[in-house]
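**Student:** Per our numbering, the sequence shown runs over residues 53 to 435. Ideal Cβ positions, reconstructed from N, Cα and C, are used throughout, including at glycine.
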Amino acid sequence: MPQISPLRIAFAGMAALAVAMGIGRFAFTPILPMMQDDAGLTAVSGGYLASANYLGYLLGSLLATRLPLRDDVAVLGSMLLIAAATLAMGFTENFTAWLLLRLVAGIANAWVAIYAFSWVLDRLAVLRRPLLNSLSFVGVGAGTMIAGLVCIVLMRTGASSAQAWISFGLLALAVTAAVWTTYAGHGAAHAAAPRARHGGIPWSSDARLLVFCFGATGFGYIIPATFLPAMAREIIPDPALFGWAWPVFGLAAAVSTLAAATLLRGFAPRRVWAACHVVMAVGVALPVFWQGLAAILAAALCVGGTFMVITMLSIQEARAVAGDQVVPLTAAMTAAFASGQILGPLAASALLAAGLGFGSGLLAACAVLLLTGLMLLRGGQSA
53 MPQISPLRIA
63 FAGMAALAVA
73 MGIGRFAFTP
83 ILPMMQDDAG
93 LTAVSGGYLA
103 SANYLGYLLG
113 SLLATRLPLR
123 DDVAVLGSML
133 LIAAATLAMG
143 FTENFTAWLL
153 LRLVAGIANA
163 WVAIYAFSWV
173 LDRLAVLRRP
183 LLNSLSFVGV
193 GAGTMIAGLV
203 CIVLMRTGAS
213 SAQAWISFGL
223 LALAVTAAVW
233 TTYAGHGAAH
243 AAAPRARHGG
253 IPWSSDARLL
263 VFCFGATGFG
273 YIIPATFLPA
283 MAREIIPDPA
293 LFGWAWPVFG
303 LAAAVSTLAA
313 ATLLRGFAPR
323 RVWAACHVVM
333 AVGVALPVFW
343 QGLAAILAAA
353 LCVGGTFMVI
363 TMLSIQEARA
373 VAGDQVVPLT
383 AAMTAAFASG
393 QILGPLAASA
403 LLAAGLGFGS
413 GLLAACAVLL
423 LTGLMLLRGG
433 QSA
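#1: Residues in its own chain within less than 6 Å of Thr382 by CB, not counting five upstream and five downstream?
#2: In whole angstroms, what separates the C-alpha of Ala126 from that of Ala160?
#3: Ala91 by DSSP, collapsed to three states: which one?
#4: Which complete alpha helix (DSSP H) runs does the region 295 to 339 hold, if anything under 4 residues is left out?
#5: Return the chain-ordered ranges of every beta strand (DSSP E) run that is complete within the region 81 to 155 and spans a minimum of 3 residues.
#6: Which class does Trp217 belong to by DSSP, given the choice of helix, strand or coil?
#7: Round the Cβ separation of Ala236 and Asp124 to the nearest angstrom and send it over; I've been treating them as touching at under 8 Å.
#8: Would the beta-carbon of Ala135 fall within 7 Å of that of Leu69?
#9: Who are the near neighbours of Ala79 in its chain, counting only those whose CB is closer than 6 Å to its CB and skipping five residues on each side?
#10: I'd like the list of long-range same chain contacts for Thr309, defined as Cβ closer than 8 Å, with 5 residues on each side in sequence excluded.
#11: So is Leu421 buried or exposed if we call it buried at 16+ other beta carbons inside 10 Å?
#12: Got a sec? Which residues, its chain only, sit under 8 Å from Gly409 by beta carbon, not counting five neighbours each side?
#13: Which first and last residues belong to the alpha helix (DSSP H) in which Gln368 is found?
#14: Compute the Euclidean distance between the alpha carbons of Arg323 and Leu428, then round it to the nearest angstrom.
#15: Identify the continuous alpha helix (DSSP H) that holds Met197 and give its terminal residues.
#16: Applying the criterion that 16 or more other CB atoms from any shown protein chain within 10 Å of the CB defines a buried residue, is Arg175 buried or exposed?
#17: DSSP on Ser401, reduced to helix/strand/coil?
#18: Under a three-way DSSP split, which group does Gln393 fall into?
#19: Where does Arg77 land, buried or exposed, given buried means 16+ other C-beta within 10 angstroms?
#20: Does DSSP classify Leu429 as helix, strand or coil?
#21: To the nearest angstrom, how far is it from the Cα of Gly98 to the Cα of Pro321?
#22: What residue does the alpha helix (DSSP H) around Leu408 start on, and which one ends it?
#23: For Gly344, count the other beta carbons within 10 Å of its own beta carbon; 16 or more makes it buried, fewer makes it exposed. Which is it?
#24: Take Gly413 as the anchor and find which of Leu349, Gly356, Pro339 has the nearest alpha-carbon.
#25: Taking Leu448 and Ser103 to be in contact with their CB atoms under 8 Å, please state how far apart those CB atoms are, rounded to whole angstroms.
#26: To the nearest angstrom, how far is it from the Cα of Ile56 to the Cα of Arg180?
#27: So, using beta-carbon positions, are Val307 and Val71 closer together than 7 Å?
Written out as structure tokens, the structure reads:
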């Protein structure tokens with residue numbers, strides 16, 4: 053079997069994460085204003101749909117530790133599952149069905165994230181090209197940006213939210229087909245040595261700090277990540293203008309991922325993580341104190357430009373703190389992050405239902421981010 057090139061491996065990981073995050077998780081965000089217009093969905097109900105997806109991500113993360121699947125099989129199967137669940141969103145108007153479909157997409161989203169990273173990291177390590185790992189992380193931002201751009205085009209052409217879901221489902225199928233031979237044809241190529249079984253989570257004070265702060269990241273970023281386009285729509289109803297909030301978010305995530313991999317070498321990861329929390333907190337709070345589309349776009353830059361950097365830094369810190377026990381600690385951090393994602397939209401929806409508006413949820417997220425940023429600074433540096 054011919055050797056698969058490192059770039060092809062990295063691009064396959066990028067494509068899988070673009071489908072998982074850009075479609076399986078975040079396509080809902082730019083479609084939400086469309087569903088409000090033509091399906092009668094409220095922002096509160098939208099929060100429940102978002103939380104269903106994030107609950108699926110939590111369940112998928114927990115299930116992945118018990119599934120004896122090969123990485124390549126899990127990635128391709130999950131990409132197909134995301135495509136099917138996304139397509140089905142366009143063929144029903146039943147809210148309960150929507151909740152179930154978003155839950156399924158969330159489960160598959162987690163499986164792609166876990167198994168695609170495993171597939172990519174193992175093969176690039178064998179080929180001694182670890183710097184290409186950051187290229188795979190770009191898939192999250194790139195997929196998010198593309199989802200936003202596609203929705204702008206769909207809204208400008210008068211497409212319905214159902215047509216948007218169907219379009220994204222077909223796009224997910226197309227991307228899956230494009231990388232099929234890379235995963236299926238090279239499933240065993242460059243396989244790394246079997247992973248050793250690790251013990252329980254090393255519950256040091258540092259480990260508890262990482263778990264709590266990564267959970268706070270999930271809570272802090274997900275409120276604007278769920279509602280930014282809907283907030284922009286309240287300010288400017290023209291989709292040609294408010295629709296740009298989400299592509300800007302995705303572009304910031306993609307560019308920051310590449311920039312961090314090259315510009316932040318030599319900086320203490322935990323201090324950079326703390327700084328990212330402060331920048332994200334500022335972005336989250338901006339729309340509360342500064343009205344207008346410019347504030348929404350600035351928030352998109354601040355939040356989009358930090359959440360993937362934090363994700364990369366958290367992996368570095370987990371390795372520094374836990375050593376050989378990094379797997380269980382990373383699993384605990386992922387579960388905390390997923391829990392924060394669930395609580396964020398639920399809290400925002402509850403505050404909206406109480407008539408307090410988007411601002412109250414954003415201020416709550418800002419406070420959590422500032423508090424945990426301070427905790428990261430005071431918690432010291434890992435070895």
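**Tutor:** In brief:
#1: In its chain, beyond the 5 residues on either side, Ala370 have a beta carbon closer than 6 Å to the beta carbon of Thr382.
#2: Straight-line Cα distance between these residues: approximately 9 Å.
#3: coil
#4: For the region 295 to 339, whole alpha helix (DSSP H) runs of length 4 or above, ordered along the chain, are 297 to 315.
#5: none
#6: In the three-state DSSP reduction, Trp217 falls in the helix class (H, G or I).
#7: 6 Å
#8: One thing to note: Ala135 has its Cβ no nearer than 7 Å to the Cβ of Leu69.
#9: Ala199, Phe220
#10: Its chain contains Ser186, Phe189, Val190, Val192, Gly193, Met360, Val361, Met364 as the residues whose beta carbon lies nearer than 8 Å to that of Thr309, once the 5 sequence neighbours on both sides are disregarded; these appear in chain order.
#11: Leu421 is buried by the Cβ-count criterion.
#12: The residues are Leu403.
#13: 345 to 374
#14: Rounded to whole angstroms, Arg323 to Leu428 spans 7 Å at the Cα level.
#15: 185 to 208
#16: buried
#17: helix
#18: helix
#19: buried
#20: The answer is helix: DSSP assigns Leu429 an H, G or I state.
#21: 35 Å
#22: From DSSP, Leu408 is part of no alpha helix (DSSP H); its letter is neither H nor E.
#23: Around the C-beta of Gly344, fewer than 16 other C-beta atoms lie within 10 Å, and the residue is accordingly described as exposed.
#24: Pro339
#25: Missing from the structure shown is residue 448; the chain here goes from 53 to 435 and no further.
#26: Between the alpha carbons of Ile56 and Arg180 lies a gap of roughly 13 Å.
#27: Between Val307 and Val71, the CB-CB gap reaches or exceeds 7 Å.
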